[in-house]
Structures are given as structure tokens and as C-alpha cells.
Amino acid sequence: MTEWPSHFIAAQTRSPWLLYAAVFASGGIFALVWLFLLMQDVNRLQRRRVFNTALYLSVFCFSLALYFALIFWPPLPSTVPPGLSPLRLGLILSVGLALLVFPAVMIVQVNNEITTALSSRSRSPNAIVMVLLTFLMFKSLIVGTAATERAHQN
């Protein structure tokens, strides 16, 4: 286990409503950035590397680039039938589904780590609520940030 330098242990104070305004202004795209910020906060809170944020971010960005390339890259002229082949359509659906499932899974994991840091025992109900809130315009990120702030104060 690596020790964190003291400047990494300090609590990050971010206004959840300001972050939510950024999510609203960006049409929801900033919510993904917020999720990675929450992962880093959990790493600081636990004083260990719970989430490999750099790896997750690179895999997510690569998957997003692959998804858009599959959608917008013109098919080869010899593709029969012209347009979307079944293989390409399957890849688009698979990568798209993975891009939807990944944030939901990460929200549950972040919630479990925050619940552990707060010494709370009700993991499953909180996780279910977080996933449901995720589908309500990522409101769970506000709840997660507020919980992180409470954990930093304890």
C-alpha cells in the first residue's frame, strides 16, 4: 500500500450545486467528469488507491472514441449490404451498452466506498437508490459529493 503525500489527503471541497449546474450547462457530459472526480475523492478519503482512475478514464475515452468511429466512419465500399453490416451494428450496440453500464457500476462502487467510510451498514438500499438517481440526470452525483463532504468532516 502506498502512502499518500499530505497534500493529497486534504478534503476537496466542491459545491455540488455548482457541479450540477455544469452538468446541466453541458447537457449531461460533465456528469462523467464529475464521476471521475468522485472516484479521486474516494481514493483520497480512503488514503489508498481504491479506483485506478487513470486506467478507467483511458478505457472509457477509448471506448467513446471507438463508439463514435463505428457510427460515423463510412463503411468500406465492398460492404454488403451497404451501410450497417450486422457485425458493425452489433459492435455499436455492445460498446454503447458498455458506455451506459460503466457509469452505473462505478456509481454503485463509489457509493459502497463512501458508505464504508461513513461506517454505515445499509449498502444495498443505498446502491439501489444511487442507480435509480443516476437515471434522473445524475442526481446521485450530488448525493455522493455531499456524502464525501460529510465523510471528510468526520
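When you number the sequence shown by the numbering used here, it's gap-free, plus one each residue, and the end is 211.
For glycine and all other residues, C-beta sits at the position ideal for the given N, C-alpha and C.
- Excluding its 5 nearest sequence neighbours in each direction, A203 has C-beta neighbours in its own chain below 7 Å: P73, listed in chain order.
- The three-state reading of DSSP puts I164 in helix, counting H, G and I together.
- Collapsing the DSSP output to three states places P73 in a helix.
- For S120, the uninterrupted alpha helix (DSSP H) run begins and ends at 110-129, by DSSP.
- Cβ-Cβ distances below 8 Å link G201 to L95, I164, V167, N168, I171, M187 in the same chain, with the five nearest sequence neighbours on each side left out; the list follows chain order.
- Beyond the five residues adjoining it in sequence on each side, L76 comes within less than 6 Å, by CB distance, of W91 in the same chain, given in chain order.
- It is roughly 33 Å from the alpha-carbon of T205 to the alpha-carbon of S151.
- Under the three-state reduction of DSSP, S176 is assigned to coil, being neither helix nor strand.
- Contact between the stretch 103-110 and the stretch 122-132 is absent, with fewer than three C-beta pairs closer than 8 Å.
- For W130, the closest alpha carbon among the candidates S83, L157, L114, I149 is that of I149.
- When R207, G85, L114, D98 are compared, the shortest CA-CA separation from F159 is found for L114.
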